[in-house]
Amino acid sequence: MQNQPLVTILTPSPSYALPEPTAYSGTTSTLTDSGTSVSGKLLGSIVRDDVAQIALSWNYLEAEAWSALNQRFKDNYINRIRFFDQTSGQWVERDMYVSDRSAGIWRRDASGAVLGWTGCSISLAEV
């Protein structure tokens with residue numbers, strides 16, 4: 002499985018491989034329920050461990066490619082995603098929701114049509 006896209010949206014069908022990003026980062030969180038006692042001691046427990054979040058960015062994407070990527074999240078807030086996980090060091094599948102997406106217009110043609118986007122970025126967080 003080494004020769005596969007870094008991130009693939011598996012559901013809804015058909016699957017969609019995201020373009021190879023310029024940058025990729027992963028965050029792994031441990032969710033806790035905690036507080037401090039009257040005597041100042043930490044009280045708490047782990048609610049959930051190894052919650053994944055990934056962020057991808059591209060220096061430039063053509064307008065059609067950026068639109069196609071964003072359209073995959075238009076009707077489906079939660080998607081099954083395959084990605085390379087920093088904790089396990091393996092390809093994993095998780096249900097994730099789309100968070101922030103941003104980009105800046107790069108260039109327009111003479112008719113005003115947008116040709117491409119710079120600084121494209123997207124974040125996905127595990128449900």
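The numbers in this note's numbering rise by one with no breaks, and the one at position 4 of the sequence shown is 5. Every residue, glycine too, gets a C-beta built ideally from N, C-alpha and C. Note that the coordinates shown come from a computational prediction; the quantities given were computed from them, not determined experimentally.
Give the secondary structure of residue i by DSSP, where H, G and I count as helix, E and B as strand, and everything else as coil.
| i | result |
| --- | --- |
| W70 | The amino acid at residue 70 is misidentified as Trp; the sequence shows Leu. Helix. |
| A104 | strand |
| E65 | helix |
| Y98 | strand |
| Q5 | coil |
| A18 | strand |
| D110 | coil |
| Q87 | coil |
What are the residues that DSSP puts in a beta bridge with residue i?
| i | result |
| --- | --- |
| Q54 | T28 and A126 |
| D34 | S46 |
| T119 | Y61 and G105 |
| N80 | M97 |
Out of the options, which has the shortest C-alpha to C-alpha gap to residue i?
| i | options | result |
| --- | --- | --- |
| S46 | Q54, L32, V39 and S40 | L32 |
| L125 | Q5, Y98, W118 and G113 | Y98 |
| S103 | D51, A24 and S58 | S58 |
| R81 | N71, E127 and T88 | E127 |
| S100 | I79, Q87 and F85 | I79 |
| F74 | N4, V8, P13 and P6 | P13 |
| S30 | N77, S40 and Q87 | Q87 |
| S16 | S40, F84, G105 and I106 | F84 |
| D50 | D34, A69, A56 and T23 | D34 |
| A66 | E21, G113, G90 and Q5 | E21 |
| L7 | G117, G41 and I55 | I55 |
What residue does the beta strand (DSSP E) around residue i start on, and which one ends it?
| i | result |
| --- | --- |
| V8 | V8 to T12 |
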